[in-house]
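Q: Would you mind keeping the following structure in view while I ask a few things?
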Amino acid sequence: MTNTLQMTRRTMLTGAAVAGALTPILVASVPAHADEHAAPAAKNSWQKVDLSKLPREKVELVKPPFVHAHDQKAKGGPKIKEFTLTIKEQKMVLDKDGTEVNAMTFDGSVPGPLMVVHQDDYVELTLVNPETNTMQHNIDFHAATGALGGGALTIVNPGESTVLRFKATKAGVFVYHCAPPGMVPWHVTSGMNGAIMVLPREGLTDGHGKPVVYDKVYYVGEQDFYIPKDENGKFKKYDSPGEAYEDTIAVMRTLTPTHIVFNGAVGALTGDNAMTAKVDETVLIVHSQANRDTRPHLIGGHGEYVWATGKFNNVPDIDQETWFIPGGTAGAAICKFAQPGIYAYVNHNLIEAFELGAAAHFKVTGEWDDDLMTSVRAPSGS
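Have a look at this one:
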């Protein structure tokens, strides 16, 4: 490899220089596709399902923080939920100074869209890598079982597409991300990650049988970026991801992000783009971080019910001020807004929130309740 890595189309398609020891694992560990008619292995009851008789539902995904329409409680038996994700390599601006990143994305957003299914549904994903892209990609679902989360079955070169199906056996919110051989951290920290929510068929509960219902759901994807600087300390710009590769890897190895943002850019969820709610509305916040630990906090509010690691069959914590989400995990929190105003929603590593960009706003409308808070005496000099 030369001092300046040239990520040409041929280099990225072959992956010979970067695949390393992963390649034999990917080739040898799994078949090319799953066959529902194959002889069932012991204890794999999912293979006994006649998938041809299951209803299908095509789902149109939407850009975060919004989430596609869905039922909180499943209607009828399991379904095959059909999704499509199109990989887009594109430049994105991270801040008011015009700092650029050659992002890799699912459907053109960071994070990729949130998918919602119910436990025991089948997720059938069409993954498209347009010929206008330059690199090989795939997808690893932390909600899936086997084949590196689907990563071993979904490696697509530019101009290719693939279809993956897996059964959603675990209830909760889970990260998905790109994981191509030899280049996993680069793709993940370039924006190529998202989340899937697998609701219990009976809907959410407090862990003791009481239903928990939300009026709205928002998806916040926290992203760490590593942008190289020139000799004068200015952020550099590159024509392509391949051109930026060597410098970006050097910054990544410092383990020190230059930006930590919500939904792709500093301020992406503030001002006119703030998430909205009304007093007494119940909001489910899904929060993912595919690479680093994070500590979400709603300033002036609380997590009424919190599944910090996002697994809905666990009893949720209650009345939390801050919750901890390990890297590679998605968490979920129910928040009920009791007062109007602007609520800051931050990573409570406050340096990361205020200096690097990990902050969002909720704009809440309604009547103020003096019983909950009031100004007894306004600030003055006496």
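Residue numbers (this note's numbering): 7 to 388.
Built from N, CA and C at the ideal position, the CB exists for glycine as well.
Where do the N-terminal and C-terminal ends of the beta strand (DSSP E) with THR90 fall, by residue?
A: 86-99
Q: Could you give the DSSP three-state label for SER58: helix, strand or coil?
A: helix
Q: How would you write the range of the beta strand (DSSP E) that PRO247 sits in, first residue to last?
A: From DSSP, PRO247 is part of no beta strand (DSSP E) but of the alpha helix (DSSP H) over 247-258.
Q: Taking the alpha carbon of PHE409 as the reference point, which residue from TYR244, ALA359, ARG298 and TYR220 has its own alpha carbon closest?
A: Residue 409 falls outside the range modelled here, since the chain spans only 7 to 388, and no answer is possible.
Q: Kindly confirm or deny that the segment 207-223 and the segment 365-372 touch, where touching means at least three C-beta pairs closer than 8 Å.
A: no
Q: Count the C-beta pairs between the segment 269-282 and the segment 321-341 that are closer than 8 Å, then say yes if the count reaches three, no if not.
A: no
Q: Suppose you measure from the CA of PHE172 to the CA of ASP103; what does that come to, to the nearest Å?
A: 43 Å
Q: Quick check on ASN353: does DSSP put it in helix, strand or coil?
A: Looking at ASN353 - three-state DSSP - the assignment turns out to be strand.
Q: Do you know whose CA, among ALA185, ILE233, TYR349 and PRO119, lies nearest LEU100's CA?
A: ILE233
Q: Quick one: grab the DSSP three-state call for ALA283.
A: In the three-state scheme derived from DSSP, where H, G and I count as helix and E and B as strand, ALA283 is classed as strand.
Q: Shortest alpha-carbon distance to SER246 belongs to which of THR288, VAL65 and MET110?
A: MET110
Q: Three or more C-beta pairs closer than 8 Å, one from the segment 129-147 and one from the segment 172-188: is that the case here?
A: yes
Q: So, with DSSP's three-state summary, where would you put GLU208?
A: coil
Q: Leaving aside the five residues before and after PRO332 along the sequence, list all residues of the same chain whose C-beta is less than 6 Å from its C-beta, in chain order.
A: ASP299
Q: Just how far apart, CA to CA, sit ALA280 and ALA274?
A: 8 Å
Q: How many Å lie between LYS176 and ALA384 at the Cα?
A: 52 Å
Q: Around the C-beta of ALA250, are 16 or more other C-beta atoms found within 10 angstroms, so that it is buried, or is it exposed?
A: Its Cβ being crowded by 16 or more others within 10 Å, ALA250 is buried.
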